[in-house]
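As you go down the protein sequences, you meet chains A and B in turn. The C-terminal position of the first sequence is numbered 475 in the working numbering, with every residue numbered one higher than the one before it. The C-terminal position of the second sequence is numbered 1475 in the working numbering, with every residue numbered one higher than the one before it.
There are 2 protein chains.
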Amino acid sequence: MGDGYGRGKRRPYVVFASLRIAKLPLMSRFDPSDALYVDLYQLTMAQAYLRSGQTAEATFSLFVRNLPPDRGFLLFAGLEDVLGYLADLRFTSQDLDYFRRTGQFGDDFIKYLAGFRFTGSVRAMDEGTAFFANEPVIEVTAPVIEGQIVETFLINQVNMASLFATKAARVVKAAGGAGVADFAARRTHGTDAGNKFARSSYIGGFIGTSNVGAGARYGIPTIGTMAHSFVTSFDSELAAFRAYADAFPDSTTLLVDTYDTVKGVEVAIAVARDLESRGNRLVGIRLDSGDLASLSRTAREMLDGASLGYVQIVASGGLDEFSVEALVKGGAPIGAYGVGTLAGVSADAPWSDAAYKQVTYDGRPVAKFSPGKATFPGPKQVWRCFDEGDGPVAHDHLTSANADSPELNATTLLHEVMRAGAVIGQLPSLDQVRDRSRLELGRLPESVLELAGPTSVRVRVSGELDTSSPGRERI
Amino acid sequence: MGDGYGRGKRRPYVVFASLRIAKLPLMSRFDPSDALYVDLYQLTMAQAYLRSGQTAEATFSLFVRNLPPDRGFLLFAGLEDVLGYLADLRFTSQDLDYFRRTGQFGDDFIKYLAGFRFTGSVRAMDEGTAFFANEPVIEVTAPVIEGQIVETFLINQVNMASLFATKAARVVKAAGGAGVADFAARRTHGTDAGNKFARSSYIGGFIGTSNVGAGARYGIPTIGTMAHSFVTSFDSELAAFRAYADAFPDSTTLLVDTYDTVKGVEVAIAVARDLESRGNRLVGIRLDSGDLASLSRTAREMLDGASLGYVQIVASGGLDEFSVEALVKGGAPIGAYGVGTLAGVSADAPWSDAAYKQVTYDGRPVAKFSPGKATFPGPKQVWRCFDEGDGPVAHDHLTSANADSPELNATTLLHEVMRAGAVIGQLPSLDQVRDRSRLELGRLPESVLELAGPTSVRVRVSGELDTSSPGRERI
């Protein structure tokens, strides 16, 4: 057997060469529209739907089948991008030219795509809502081709944004009241992820981002200190610190670990005194390596001993919710955390099994029964049920969309947000979404918020949803 | 202590509120340029450099300090995007307006940014080259502000693309000659990652992608079958299969596991006979759930029993290099694999510690000595040394950039690819990069290619690089 690298006894590629491949001579570059962020099969199915006259309305549900490891909840995020995409969805003339050149599609279908718009309706949870396994966060009702074509983008954005918001909420919880900022831009999977992590982490409770473009795009506070390279550029640490403080006399945080942290703190203290003599104040020092618990205590003592109690300590360098929690529990005198890579890729849970499944076609409930992937048929409503009016969440209740309230103190979570392809009303601001998220988290039981081994909230499934799958457990 | 969610005894956010925050009233949306995909500190440092006259030339090295777990090598990818970014780098008038409104920067600096261009030079490995810990894959030499501002984007793109190409190469190795296609678009971290995974996985040996936009952008073959929702839309599986086969009589692969896989194969056989009677051929069937080893054998027997030996079996559903290897080693009669989520987020290694470090300033070698993060000073060359002329890689040798060849059979890996901000010559085509990658992998020792617990290639460090860090091990 070959190893795929051209050694040993090789088999040729046996099948995919003929499986819907459109290999083109290298084209002149063009920038495909968002409409082309789509799996090919969405378009091949669309042509088959069109030609067979199978174009009735369908409803699709977006949900996660299982919460990722160590997650008792997920925070819903990504809706604003989804609605913007749906409202603006068009195939450009360049996109259509590409299809013509591939020869994959008929002229009838390309003509259909030229006039393509999303004309459907969307019901969704509010961004910032906590959700659990098998609960639809978005339901799309549209002519089946429209509802199908948007699948790839919708799963992509909601899965990413919700994982990111959830990860951020965990770090914020661990920080116990200290501020947490997004330093992830350099290690996220690409720029879309970097921008969306800034937005989602702000929803999850971060107080700002180092990512300038995300700050500009979303109106998020931007935050920054200095890099080691700035220090090494100058002949001495003192010269570097002074140059920075001269440029930003009221907003300087000095990175003290480039050469030797304790000496770095001494130099920072000297610069703090310079600033004081000119009527300014050093804001903080940053520790980015070594034993942060011990170094932060040493630095705090040195600063306090120099009557610089107002100079705060910022910590960064490979942090996540677990290491932040350890520092906070150990009483490290750290005022703020910069959290990057491990949060920005949701390292302990970089994916969920988010799915987008058809639940009706032409008014008929449908479902799939594939092992481990069975779905509940029909459009749904999610009800959140509280112990008392303002008590913690007791459980959720999943019913068909038009069911009556299954119990007292139950609130519906899915609301119509788009009709006939147009957004209904005004979307909440990012700060409103962030407030919503904080409120939601405040009403989850403590055991659901645990960083390791959390429980989840029970989701009761109404009998009417639970029709046909043998072996599906009814509650 | 509070928990960050507004319960218990709360401390206010103590520090970041004054740490370089620019909180704006929510702005009218604009689409920031790539130049704003930058950590704020790159720009604050730039203003400090400018004002202190610290603007000499510097060299920066991009490398990984440690290979991720279970990685004996990484495949270098991302250079084409890096060079495109550097060549086109501009701050737009909207970007500059944003800076004016934040009040974070002085008019002198904003004026500087208005005329900003990248004027430096770049030395880099070829895309598709295998590299190891501490080896620079890119070295940037430019006026220090220019070299610094590009850090965030460069790390982001190279880290992502190299992790993706490497992950893909592992799956290709596991598949042992069967084709592997990218089905990851829906679960990557955003659209940039989805597009770059398609490109990087093609470099790593995948044969195509489901991502239409990536196919269009990069000239990669696009591949697709059908979704479960297509099947559930129709009154019966047979009606669905027929509708698809009518639309694509020469390129249909039927998804057979929506209801019951064995019955689905029976229906597919009926459709294959229909196609034969019209002079066409069913290309394949796809299994997406259940015990793929056992189902593929059953399906193969059924197909062969119906004289449909030419109908291939495609497998998908939560696959990665480990599950593909198990199927291949178990002799599962699967002709091709569709690999999505676990590859598209590089799930077992979603990040590397890729870093971009200043190694000279104004001709002077510099380094940082932070614990665990120390760097070698000065610009470098990486030499690949082979046992014989065309034998496997023996080891690498890291020297200063201008050193003579350290030994026989040594080849330099870093070449100048950009001078004065312009790309030198013609970049290789994506297929050339893919060929390069295949060649590279073919010359790595087997132990380096192991999926679990690989060895790596030894990187000798020349004495002249190893100057000042106490405790650094010399080879």
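Ideal Cβ placement from N, Cα and C applies to all residues, glycine included.
- In the DSSP secondary-structure assignment, A/F63 is bridged to A/A355.
- One alpha carbon belongs to A/Q104, the other to B/P1068, and they sit about 40 Å apart.
- Taking all protein chains shown into account, B/H1415 has fewer than 16 neighbouring C-beta atoms within 10 Å of its C-beta and is therefore exposed.
- Contact annotation for B/M1160 against chain A: H189, G190 [CB-CB distance below 7 Å, chain order].
- Chain-ordered, the chain A residues with CB closer than 9 Å to the CB of B/R1051 read A243, D246, A247.
- For A/D39, a Cβ of chain B is located within less than 9 Å of the residue's own Cβ.
- Residue contact with chain A for B/N1280: absent (no Cβ-Cβ distance below 9 Å to any residue of chain A).
- CA-CA distance, B/F1030 to A/I138, rounds to 27 Å.
- Taking 9 Å as the CB threshold, A/F76 stays off the interface with chain B.
- Taking CB atoms only, A/S33 has a neighbour in chain B less than 9 Å away.
- For a cut-off of 8 Å, the C-beta gap from A/F91 to A/F118 is around 12 Å, too long to register as a contact.
- At a cut-off of 9 Å, the C-beta of A/S456 has no neighbouring C-beta in chain B.
- By the neighbour-count definition (other C-beta atoms within 10 Å, threshold 16), A/A452 is an exposed residue.
- Under the Cβ criterion of 9 Å, B/Y1098 is counted among the residues facing chain A.
- In the structure shown, A/I313 adopts extended strand secondary structure according to DSSP, grouped into three states.
- A/T341 places its beta carbon less than 9 Å from that of A/G318.
- Counted as a single uninterrupted DSSP element, the stretch harbouring A/Y259 is not any alpha helix (DSSP H), since DSSP gives it neither H nor E.
- Residue ranges of uninterrupted alpha helix (DSSP H) with 4 or more members, entirely inside the stretch 1090-1124 of chain B and ordered along the chain, are 1093-1102, 1107-1114.
- The beta carbon of B/Y1112 sits no closer than 9 Å to any beta carbon of chain A.
- Contact residues of the stretch 217-228 of chain A toward chain B are R217, G219, P221, T222, I223, G224, T225, M226, A227, H228 (C-beta to C-beta distance below 7 Å).
- For A/R278 and A/S456, the gap between their C-alpha atoms comes out near 55 Å.
- For the stretch 1192-1258 of chain B, the full-length alpha helix (DSSP H) segments reaching 4 residues or more read 1212-1218, 1228-1233, 1237-1247 along the chain.
- A/Y356 is a Cβ neighbour of A/S61, given a cutoff of 9 Å.
- If you check each beta-carbon in the stretch 1129-1150 of chain B against every beta-carbon of chain A, the ones closer than 9 Å belong to V1144, G1147, Q1148.
- Cβ atoms of B/A1185 and B/N1211 come within 8 Å of each other, at about 4 Å.
- Boundaries of the alpha helix (DSSP H) around B/R1297: 1292-1305.
- B/T1166 is outside the set of residues whose beta carbon lies under 9 Å from a beta carbon in chain A.
- Contact with chain B is absent for A/T119, since none of that chain's Cβ atoms lies less than 9 Å from the residue's Cβ.
- According to DSSP, A/P379 shares a beta bridge with no other residue.
- Chain order gives the chain B residues near A/I155 as R1186, R1187, where near means a beta carbon separation below 8 Å.
- Taking 7 Å as the upper bound on Cβ-Cβ separation, chain B lies near residues D192, A193, G194, K196 of the stretch 192-204 of chain A.
- Under the 10 Å beta carbon count, A/D404 is surrounded by fewer than 16 other beta carbons and is classified as exposed.
- A/L36 and B/S1352 have their C-alpha atoms some 30 Å from each other.
- Restricting attention to A/A243, A/A268, A/F248, A/P249, the CA atom closest to the CA of A/L255 is found in A/A268.
- In summary, the residues of the stretch 55-73 of chain A whose CB is separated from some CB of chain B by less than 8 Å are A58, F60, in the order they occur in the chain.
- Of the residues assessed, B/K1173 falls on the buried side of the cut-off, its CB having 16 or more other CB atoms within 10 angstroms.
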